[in-house]
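The block underneath contains the structure these notes are about, expressed in structure tokens.
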Amino acid sequence: IARLQRELESAKAGIADSNRNVEMKDVNGIESNKVDAEDKLKLVLKNTAETLNKFRIKNKKVVPAGLCSPEQVGKFGASATVKAHLTTKPGVTCVDVSQGGSTLVSGGVDGQLKVLQLSEDLSSANVLATLNGHEKKVNQVAFAERKGTIVSCSKDKTAIIWGSSMSAEGSSISYESYKAKHVIKVHNQNVVSCSVHPSYNYVGTLSSDGLWALTEIDSGECVSSANVDLPGTFSAFHPDGLLVGIGSEQGVIRIWDAMNASKAADLSTGSSGIIASLSFSNNGYHLAAASEKQVLLFDLRKQKVIKTFDFDANVTSCAYDRSGYFLAAAESSGKISTFHAKGKEYKPLSTLSEHTGEVVDVKFGPNASFLVSASMDRSMIVYK
Numbered sequence: 099i100a101r102l103q104r105e106l107e108s109a110k111a112g113i114a115d116s117n118r119n120v121e122m123k124d125v126n127g128i129e130s131n132k133v134d135a136e137d138k139l140k141l142v143l144k145n146t147a148e149t150l151n152k153f154r155i156k157n158k159k160v161v162p163a164g165l166c167s168p169e170q171v172g173k174f175g176a177s178a179t180v181k182a183h184l185t186t187k188p189g190v191t192c193v194d195v196s197q198g199g200s201t202l203v204s205g206g207v208d209g210q211l212k213v214l215q216l217s218e219d220l221s222s223a224n225v226l227a228t229l230n231g232h233e234k235k236v237n238q239v240a241f242a243e244r245k246g247t248i249v250s251c252s253k254d255k256t257a258i259i260w261g262s263s264m265s266a267e268g269s270s271i272s273y274e275s276y277k278a279k280h281v282i283k284v285h286n287q288n289v290v291s292c293s294v295h296p297s298y299n300y301v302g303t304l305s306s307d308g309l310w311a312l313t314e315i316d317s318g319e320c321v322s323s324a325n326v327d328l329p330g331t332f333s334a335f336h337p338d339g340l341l342v343g344i345g346s347e348q349g350v351i352r353i354w355d356a357m358n359a360s361k362a363a364d365l366s367t368g369s370s371g372i373i374a375s376l377s378f379s380n381n382g383y384h385l386a387a388a389s390e391k392q393v394l395l396f397d398l399r400k401q402k403v404i405k406t407f408d409f410d411a412n413v414t415s416c417a418y419d420r421s422g423y424f425l426a427a428a429e430s431s432g433k434i435s436t437f438h439a440k441g442k443e444y445k446p447l448s449t450l451s452e453h454t455g456e457v458v459d460v461k462f463g464p465n466a467s468f469l470v471s472a473s474m475d476r477s478m479i480v481y482k
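Under the working numbering, the first residue of the sequence shown is numbered 99, with each subsequent residue one higher.
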């Protein structure tokens, strides 16, 4: 199992190496030392999808080493409460966890990003950096660690790629020196979602008017954009990186072909409710969608709902852990529920009720070793 995990890291590193060299590839039978952005995008997406798909199929039955058991996740309790954002504009709107699990990044109504270092026992978190650049609330944040960067998007109609001159791939990261390296200004409306492509070369951004765009992280250049013809609410990459799930205000999830910038399929929730959150399982077959007071589980092979979870309040966020063995769902009432994502059963594990306000985002740490939530009660809570 440990060997297979090393193979996955090696495969991802290989993707990065080969993607750096795509400009040396033969494109359309013509030898060229410089490939234009569109051709490079297609080569990177194709290369990444083939590599990750092969690895995923080969190891689909392997349980990751060190993964928490359902019994351990079911016993999660609050270990740290963090209040880092401004109290004059209360509310933590989003959070993400670094690949190693030692660092968090959050966004707030105050327009700030906070980078935080978790203590080893997860009992506290110290602020490493405060990133100022957005003029309105931050909607989503994400680590792109192989590029030494963080990405964020905001109601101010921009997305920002954060980093420093020292944050090159493979170098040590000093968040104190981070600044806005690239400001993405391709959108004319609220940028509701941003997500990092599995190759770590691109960030996908979605605005409320339905414009979806791909921007190269290194250069800050927009290499592809198209209107998905739906009012956008949320977006997430499929684990292989060729497809994107795009949520809307009309109860429809559009599966978008990132390579050809076109619709691949539409998934219906059976209602007209807003899609608040999307999360693909690591197996590549399942998609969890939060809409009104439900989380719907889609089988992408059949393009239909195979299970529905009902809640007492609107579901604001849903997220698989990185292995795909656990699912968490957050409610506007402040509750968080966890499930063991095995087969079609999805056994309930726990309900966490420490927040006093709406929970708007939830993420698992590596190996489902902990859970972190962001809430409009001004706090983040780490559960272990």
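We treat Cβ as the ideally placed atom computed from N, Cα and C, and that holds for glycine.
- Sixteen is the threshold: when 16 or more other Cβ atoms of the shown chains lie within 10 Å of the Cβ of Thr303, as they do, the residue is buried.
- The DSSP-derived three-state label of Ser305 is strand.
- Separation of the CB atoms of Ser346 and Gly371 is rounded to 10 Å, and the pair is thereby denied contact status at 8 Å.
- Rounded to the nearest whole angstrom, the CA to CA distance from Gln170 to Thr436 is 11 Å.
- Looking at the backbone, the Cα of Ala417 and that of Val249 are separated by about 19 Å.
- Taken through DSSP and simplified to helix, strand or coil, Phe407 comes out as strand.
- Between Cys192 and Ser467, the CB-CB gap reaches or exceeds 8 Å.
- Scanning its chain for C-beta atoms nearer than 6 Å, with the 5 sequence neighbours on each side dropped, one finds around Ala427 the residues Val393, Val413, Cys416, Ser435, in chain order.
- In the three-state reduction of the DSSP assignment, Tyr481 falls in the strand class.
- Taking a contact to require three or more Cβ pairs closer than 8 Å, the segment 295-309 and the segment 327-344 qualify as touching.
- For Tyr423, the closest alpha carbon among the candidates Phe378, Val458, Ser262 is that of Phe378.
- Minimum Cα-Cα distance from Glu136 among the listed residues Thr449, Lys245, Thr313 corresponds to Thr313.
- For the set Ile155, Trp310, Thr179, the Cα lying nearest the Cα of Lys283 is the one of Trp310.
- When beta bridges are read from the DSSP output, Pro464 appears opposite no residue.
- 8 Å or more divides the Cβ of Cys292 from the Cβ of Cys320.
- With a contact defined as Cβ atoms closer than 8 Å, Leu211 and Val236 qualify at about 6 Å.
- Rounded to whole angstroms, the Cβ separation of Lys433 and Ser421 is 24 Å, and the two are not in contact under 8 Å.
- Secondary-structure assignment with DSSP links Tyr300 through a beta bridge to Glu314.
- One thing to note: Phe241 has its Cβ no nearer than 8 Å to the Cβ of Lys482.
- In this structure, Val225 sits away from Val470, with a CB-CB distance that is not shorter than 8 Å.
- Rounded to whole angstroms, the separation of the alpha carbons of Ser200 and Ser275 is 18 Å.
- C-alpha of Asp397 to C-alpha of Ala324: approximately 26 Å in a straight line.
- Counting only residues of its own chain and dropping the five nearest sequence neighbours on each side, Tyr383 has a CB closer than 7 Å to the CB of Asp397, Leu398, Arg399.
- Residue range 168-172 is occupied by the alpha helix (DSSP H) that includes Gly172.
- A distance below 6 Å between beta-carbons, with the five flanking residues on each side excluded, links Ala388 to the following residues of its chain, in chain order: Ala374, Ser375, Val413, Cys416.
- By the CB criterion at 8 Å, Ala223 and Val213 fall outside the cutoff.
- Assigned with DSSP and collapsed to three states, Glu429 falls in strand.
- Bounds of any beta strand (DSSP E) do not take in Lys138; it lies within the alpha helix (DSSP H) bounded by 135-156.
- In the three-state reduction of the DSSP assignment, Arg476 falls in the coil class.
- Counted as a single uninterrupted DSSP element, the beta strand (DSSP E) harbouring Thr201 occupies residues 201-206.
- In the three-state scheme derived from DSSP, where H, G and I count as helix and E and B as strand, Ser275 is classed as helix.
- For Ile479, the closest alpha carbon among the candidates Val457, Leu143, Asn465 is that of Val457.
- Between the C-alpha atoms of His183 and Asp254 there is a straight-line separation of about 18 Å.
- With fewer than 16 neighbouring CB atoms inside 10 Å of its own CB, Thr406 falls in the exposed class.
- Taken in chain order, the whole beta strand (DSSP E) runs of length 3 or more contained in the segment 181-232 are 190-195, 201-206, 211-216, 223-229.
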